[in-house]
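Residue numbers (my numbering): 16 to 518. Taking it in order: structure first as structure tokens, then the write-up.
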């Protein structure tokens, strides 16, 4: 394993991400450290980085240096947002950083920043044609892209920091928020983005501001999943957040559970920008891309062949990454996954599930035994929370939830109607039938490789009235695996209403 550190010097935080990178290019984030900073405010107010701010940042970066050395980090990528360019003492500031820590910071250009955001979006959410909005401290980027090309970009010179500074003298919180919305709507009056989209275009809100607004929205609506990435944020839900935020003072915003105190100052201005952009560009809803900038920076450190796969194989890469870092030696996950996919195709005539459930199947099959990390007894039940809290890019939140339930349904007794009803606003009766079927398919695939030797390499199914004859194609003696698969017959009949015979 190679260790890499990515350091981001932002307007209000200094952040370091530590990664383990496997020889195949897959990576695991094993630590992240974030400390507050007044760098952006210092630059905005004085066009200088003040001595007290320099000292605070140096203290943090010296600590980061020690952590990198202690963890044998071999590669360090250090970047800073473009806002720092206006600081008259930037050169001496970065010279002092280098002399004390050895870190060399690259000041991102607007073009580099936009490309990083784009990489973050296309590394996290499965979209081919979209409009992405990213709110930074001093700018808001609205980019339109089709597959692997950014086709249009509009940047307005307001972000959550400098917009707040402009209206700092307005004491009334509601009046201040309304003024900020009008300012952004005025800046977007002749937007090049408006009216240029079709029904196949998705909208993505990227970055910390969208994550915070999404978190408040989930709490207001009592949304049952605490997952930031791919959360659908409607214009109505943004209006609800805006109506709450604009009536609160800073101390009350800081008390909102899950909102960082470092970011509380900018919730009002950030929400105002999101509301204005959605109104001006007539955006009905968008999906939140979490941790976008970091994902984009990480993507730049990956091998070219892995980057090329990202736009189309995000879920596959996520599942393979989990296998790389968490599967035990001599794991048979790949065998079970392949058999489950074969069974899903072979049994299509009787399960009658659409392709909409294919991602749930892939998640459940690839993580079928992840619950053993907690304990072997009823490991399928343990899998539920692990899957919900795993990083799975390229799948919707519903896909992940269905995959978690399907993995749990390897033991049909695990399915509790009371637990299912917690997610009634996201799931249907059809979904319940689907997870039961997928759970049994995964359980059958697991049984067909019970020896963990990969003896069964293919399967064909003949449907004869009320019976299914499952013929195994093997590379070696698979009699033990066939006996184990036959034991799934009771569950198979319960779900599929047919008798199973494995030969």
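Glycine included, C-beta positions come from ideal geometry on N, C-alpha and C.
Here residue 453 is buried, its C-beta having at least 16 other C-beta atoms within 10 Å. Judged by DSSP secondary structure, residue 64 falls outside any alpha helix (DSSP H); it is assigned neither H nor E. Here residue 206 carries a coil assignment [DSSP, helix/strand/coil].
Distance from the CA atom of residue 325 to the CA atom of residue 361, rounded to whole angstroms, is 29 Å.
Residue 391 and residue 433 have their C-alpha atoms spaced approximately 24 Å apart. With respect to the 7 Å criterion, residue 426 and residue 395 are classified as neighbours on the basis of their beta carbons. In the DSSP secondary-structure assignment, residue 286 is not bridged to any residue. At a Cβ-Cβ threshold of 7 Å, residue 138 and residue 310 count as neighbours. With fewer than 16 other Cβ atoms from the protein chains shown falling within 10 Å of its own Cβ, residue 498 counts as exposed. In this chain, the alpha helix (DSSP H) harbouring residue 422 covers 412-423. Leaving aside the five residues that flank residue 125 on each side, the residues in its chain whose CB is nearer than 7 Å to its CB run, in chain order, 97 and 170. One alpha carbon belongs to residue 293, the other to residue 130, and they sit about 22 Å apart. Straight-line spacing of the CA atoms in residue 223 and residue 305 works out to 7 Å. Taking a 10 Å sphere around the C-beta of residue 89, we find fewer than 16 other C-beta atoms and assign the residue as exposed.
Under DSSP, residue 147 takes part in a beta bridge, and its partners are 158 and 219. With contacts defined as CB atoms closer than 7 Å, residue 58 and residue 102 qualify as a contacting pair.
Using a Cβ-Cβ distance cut-off of 8 Å, the region 73-89 and the region 188-199 are not in contact, since fewer than three pairs of beta carbons, one from each stretch, lie closer than that value. For residue 20, the uninterrupted beta strand (DSSP E) run begins and ends at 17-24, by DSSP. Note that the region 376-390 does not touch the region 469-487; fewer than 3 beta-carbon pairs, one per stretch, sit closer than 8 Å. Nearest C-alpha to residue 248 among 334, 214 and 290: 290.
Counting along the chain, the unbroken alpha helix (DSSP H) around residue 373 starts and ends at 373-381. For the pair residue 68 and residue 50, the CB atoms are not nearer than the 7 Å cut-off.
Selection 63, 27, 43 and 144 evaluated against residue 109 yields 63 as nearest (Cα-Cα). In terms of Cα proximity to residue 512, the closest of 518, 366, 261 and 468 is 366.
Approximately 22 Å separates the beta-carbon atoms of residue 260 and residue 242; this is outside 8 Å, ruling out the contact. Taking each of 458, 374, 419 and 23 in turn and checking the Cα distance to residue 55, the smallest one comes out for 23. Secondary structure of residue 45 (DSSP, three-state): strand. Put simply, of 81, 162 and 451 the residue whose alpha carbon is nearest the alpha carbon of residue 372 is 451.
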